[in-house]
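**Q** Below is a structure I'd like to ask you about.
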Amino acid sequence: MFEMVPMTSADAFAAVAHAHEHRRAAEVAEKIALLRAAELYKVDQNAIWAVTEQEIQAGSDGTPLVGEFLAHELAGLLGVSPESALWQVGQVLDLRHRHPALWEAFLAGTVWFWQAAKIVQACSDLSAEAVAVIDRRTAHALQLWPWTRIMHHLPAWIIDADPTHAATKAANARQSRGMHIGKIEDGHCTLNGRLAAEDGIALDEALDSIAATLPAPELPEWLEDATDGHKATYRRDQRRATAAGILARQTFGQHALPVELIVHVDANDLTHGTGAARIERWGTILTDYLPEFLNGSAVTVRPVLDPATLSALDGYEPSAAMRLALQVRNPVDVFPYGTRPARGCDLDHTEPYRFDGNTRGQTGMHNLGPLSRRSHRAKTHGGWRLTQPEPGVFHWRSPAGYEYLVTATGTIRIGALPRDPWWLRSDDDPPRWLRSDEGAPRSPDEPDRSPDPPPDHPAWDKPLQPELIAWAIAQHTLTNAAA
8 MFEMVPMTSA DAFAAVAHAH EHRRAAEVAE KIALLRAAEL YKVDQNAIWA VTEQEIQAGS
68 DGTPLVGEFL AHELAGLLGV SPESALWQVG QVLDLRHRHP ALWEAFLAGT VWFWQAAKIV
128 QACSDLSAEA VAVIDRRTAH ALQLWPWTRI MHHLPAWIID ADPTHAATKA ANARQSRGMH
188 IGKIEDGHCT LNGRLAAEDG IALDEALDSI AATLPAPELP EWLEDATDGH KATYRRDQRR
248 ATAAGILARQ TFGQHALPVE LIVHVDANDL THGTGAARIE RWGTILTDYL PEFLNGSAVT
308 VRPVLDPATL SALDGYEPSA AMRLALQVRN PVDVFPYGTR PARGCDLDHT EPYRFDGNTR
368 GQTGMHNLGP LSRRSHRAKT HGGWRLTQPE PGVFHWRSPA GYEYLVTATG TIRIGALPRD
428 PWWLRSDDDP PRWLRSDEGA PRSPDEPDRS PDPPPDHPAW DKPLQPELIA WAIAQHTLTN
488 AAA
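Residue numbering for the sequence shown follows my numbering, beginning at 8 and increasing consecutively.
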């Protein structure tokens with residue numbers, strides 16, 4: 008049963024090295040394929056004139072435009088949202104066109120993509136000329152330094168590459184202020200921000216003043232043997248955290264500020280006192296924490312109607328009750344791997360609404376689903392096909408022929424990937440100049456799958472693109488793994 012599992016330390020070490028090599032090869036192959044997908048995807052100029060599909064800037068300055076629906080085809084294959092797929096395409100285009108030396112280092116296996124992406128992201132707002140300076144320094148440093156040392160020096164290189172831009176960015180940072188409240192995690196929110204110096208000092212004094220009036224919190228067991236200094240710091244932090252809430256509620260003399268929070272709770276969870284309560288835009292808390300969380304609030308209980316009791320409508324717009332029921336049934340965008348909350352989506356008619364006089368019953372739970380605006384456009388103008396075989400179940404077919412099934416629980420891809428992918432076939436083995444056994448005698452029975460051109464052929468004078476070499480090596484590695 009366990010014959011294929013490493014049984015000795017030596018086998019386990021060899022398996023780690025083997026998996027590491029193939030993971031790197033697969034990453035290189037994936038990024039080259041993403042690059043080629045962006046290069047080969049063409050937008051019909053007639054579509055642009057008709058404003059059905061636009062060319063957009065996925066990368067930074069100096070990168071080519073791509074069709075806006077390219078990301079939708081790639082999203083399903085990568086198992087991510089269209090927004091995430093577009094970001095990945097932009098990262099690859101940036102690396103290839105703005106950081107050619109770093110791109111070649113990635114293709115050669117010197118750096119992982121996540122490492123290259125950190126440099127790409129740090130330089131995303133620089134001009135192509137400034138990035139070229141940084142790319143040259145990075146290429147040199149990669150020959151001598153470890154990765155952490157390169158990242159340590161990167162901020163200085165960015166300043167040196169464009170001092171004017173760096174000065175402008177610093178001035179903007181001094182002028183930028185903001186306070187941010189993070190989503191709920193484990194029943195708490197994280198607060199961070201940037202204030203003017205005088206405001207920060209005033210807030211600090213206010214928190215200390217309120218905290219001084221609060222009782223000392225109990226110490227947890229793990230602090231019983233701590234130093235007095237650690238205990239004092241813990242008590243001060245706990246009091247100040249409570250003081251921030253008091254300060255917020257006492258604004259303008261109000262105990263509770265007017266704010267609308269939408270909390271989704273399953274009726275069974277309320278009955279048993281256990282389970283999760285989802286707060287729109289904020290996160291999730293335990294249901295037994297709800298009484299404390301909602302203390303002092305005016306609570307409106309709005310039961311969601313059974314979708315089966317909602318009759319289909321003849322008009323184009325759904326009713327408020329139907330809209331709410333749809334948002335509960337499908338809480339996020341129903342495009343494959345969508346992430347946008349349904350409350351911020353269009354309500355799309357799966358079968359397009361007909362304005363031909365026979366409008367009876369077209370708007371209902373059986374024919375509606377939330378779609379983000381760009382996904383809605385991809386369905387309308389991008390060649391995607393959608394059916395809703397059952398209410399709340401969405402069957403998608405992409406322009407390239409891939410199929411997905413989307414429900415409230417998530418996305419699954421229907422059907423496997425090609426069993427005999429062309430890039431792993433034996434006829435596509437690397438040519439002889441890429442083989443590790445170059446120069447070894449060839450067996451008379453061994454076919455020459457990739458014959459070299461004649462010596463005087465002009466192809467010998469043309470430098471090979473690094474992508475071609477990296478692709479061939481990566482696929483040769485993966486082919487051996489598959490064998």
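Note that beta-carbon positions come from the ideal geometry of N, C-alpha and C, so glycine has one too. Bear in mind the structure is a predicted one, so any value in this text is a computation, not a measurement.
On a CA-only basis, which of 247, 120, 290 and 211 is nearest residue 191? Give me that one, please.
**A** Residue 191 sits at position 184 when you count from the first residue of the sequence shown. Nearest C-alpha to residue 191: 290.
**Q** Run through DSSP, which three-state label would residue 399 get?
**A** Position 392 of the sequence shown, counting from 1, holds the residue named residue 399. In the three-state scheme derived from DSSP, where H, G and I count as helix and E and B as strand, residue 399 is classed as coil.
**Q** When the Cα atoms are used, what is the spatial distance from residue 455 to residue 483?
**A** Translated into positions along the sequence shown, residue 455 becomes position 448. Translated into positions along the sequence shown, residue 483 becomes position 476. Confidence in residue 455 is poor, its pLDDT being 45 and thus under 50, which makes the residue's placement too unreliable to answer from.
**Q** For residue 5, list the residues DSSP reports as bridge partners.
**A** There is simply no residue 5 to check, as the chain begins at 8 and stops at 490 in what is shown.
**Q** Which first and last residues belong to the alpha helix (DSSP H) in which residue 31 is found?
**A** Mapped onto the sequence shown, residue 31 falls at position 24. Segment 16-47, the alpha helix (DSSP H) holding residue 31.
**Q** Does the Cβ of residue 151 have 16 or more other Cβ atoms within 10 Å, making it buried, or fewer, making it exposed?
**A** Reading the sequence shown from its first residue, position 144 is the one you call residue 151. With fewer than 16 other Cβ atoms within 10 Å, it is exposed.
**Q** Going along the chain, which residues of its own chain have a beta-carbon closer than 7 Å to the beta-carbon of residue 135, five neighbours each way excluded?
**A** Position 128 of the sequence shown, counting from 1, holds the residue named residue 135. Answer for residue 135: 68, 69 and 105, listed in chain order.
**Q** Figure out for me which residue from 187, 195, 201 and 164 has the closest Cα to the Cα of residue 179.
**A** For the purposes of this step, residue 179 is taken as residue 172 along the sequence shown, with counting starting at 1. Ranking 187, 195, 201 and 164 by Cα distance to residue 179 puts 201 first.
**Q** Look at residue 73 and residue 101 and say whether their C-beta atoms are less than 8 Å apart.
**A** Taking the sequence shown and counting its residues from 1, one reaches residue 73 at position 66. Taking the sequence shown and counting its residues from 1, one reaches residue 101 at position 94. For residue 73 and residue 101, no; Cβs fall outside 8 Å.
**Q** Could you tell me whether the segment 286-301 touches the segment 361-370, where touching means 3 or more Cβ pairs closer than 8 Å?
**A** no
**Q** Taking only runs of the beta strand (DSSP E) that begin and end inside the segment 295-332, which ones reach a length of at least 3 residues, in chain order?
**A** none
**Q** With DSSP run on the structure shown, which of helix, strand or coil describes residue 336?
**A** Sequence index remark: in the sequence shown, residue 336 carries index 329 (1-based). Three-state result, residue 336: helix.
**Q** For my contact list, residue 344 and residue 50 are in at a C-beta cut-off of 8 Å; report their separation, rounded to the angstrom.
**A** For the purposes of this step, residue 344 is taken as the residue at position 337 of the sequence shown. For the purposes of this step, residue 50 is taken as the residue at position 43 of the sequence shown. So it is not a contact: roughly 23 Å between Cβ atoms.
**Q** Take residue 387 as the anchor and find which of 159, 358, 481 and 99 has the nearest alpha-carbon.
**A** On the sequence shown, position 380 is the one that residue 387 refers to. The shortest C-alpha separation from residue 387 is found at 358.
**Q** Determine the DSSP secondary structure at residue 358, reduced to helix, strand or coil.
**A** Within the sequence shown, numbered from 1, the residue matching residue 358 stands at position 351. It is coil, neither helix nor strand.
**Q** Does the distance from the C-beta atom of residue 142 to that of residue 109 stay below 8 Å?
**A** As a working mapping, residue 142 is identified with position 135 in the sequence shown. As a working mapping, residue 109 is identified with position 102 in the sequence shown. Between residue 142 and residue 109, the C-beta spacing is below 8 Å.
**Q** From the DSSP output, read off the bridge partner residues of residue 496.
**A** The requested residue 496 is not part of the displayed model; the chain covers only 8 to 490.
**Q** Report the start-end ranges of each alpha helix (DSSP H) in the segment 195-256 that is 4 residues or longer and not cut off at the edges.
**A** 204-218 and 235-256
**Q** Could you check what DSSP says for residue 11 in three-state terms: helix, strand or coil?
**A** For the purposes of this step, residue 11 is taken as residue 4 along the sequence shown, with counting starting at 1. The answer is coil: DSSP assigns residue 11 none of H, G, I, E or B.
**Q** Below 8 Å on the Cβ atoms is my contact criterion, and I expect residue 176 with residue 99 to pass it. Report the Cβ-Cβ distance as a whole number of Å.
**A** Position 169 of the sequence shown, counting from 1, holds the residue named residue 176. Position 92 of the sequence shown, counting from 1, holds the residue named residue 99. The Cβ separation is near 25 Å, so there is no contact.
**Q** Is it a yes or a no for the segment 333-347 touching the segment 78-87, going by three-plus beta-carbon pairs under 8 Å?
**A** Touching, yes.
**Q** Taking residue 239 as the reference, which of 226, 250, 251 and 248 has the closest Cα?
**A** Indexing the sequence shown from 1 puts residue 239 at position 232. Taking only the C-alpha atoms, the option nearest residue 239 is 226.
**Q** Where do the N-terminal and C-terminal ends of the beta strand (DSSP E) with residue 188 fall, by residue?
**A** Walking along the sequence shown from the start, residue 188 turns up at place 181. Note, residue 188: beta strand (DSSP E), 185-188.
**Q** In angstroms with no decimal places, state the Cα-to-Cα distance between residue 354 and residue 60.
**A** By one-based count along the sequence shown, residue 354 stands at place 347. By one-based count along the sequence shown, residue 60 stands at place 53. Computed Cα separation, rounded: 20 Å.
**Q** Rounded to the nearest angstrom, what separates residue 347 and residue 413 at their Cα positions?
**A** In the sequence shown, residue 347 corresponds to position 340, counting from 1. In the sequence shown, residue 413 corresponds to position 406, counting from 1. One C-alpha to the other measures close to 14 Å.
**Q** Among 115, 14, 26 and 317, which residue has its Cα nearest to the Cα of residue 480?
**A** Along the sequence shown, read from residue 1 onward, the residue named residue 480 stands at position 473. The shortest Cα separation from residue 480 among 115, 14, 26 and 317 belongs to 115.
**Q** Taking only the alpha-carbon atoms, compute the straight-line gap between residue 22 and residue 13 and give it to the nearest angstrom.
**A** Start at 1 with the first residue of the sequence shown, and residue 22 comes out as number 15. Start at 1 with the first residue of the sequence shown, and residue 13 comes out as number 6. So the two alpha carbons sit approximately 7 Å from each other.
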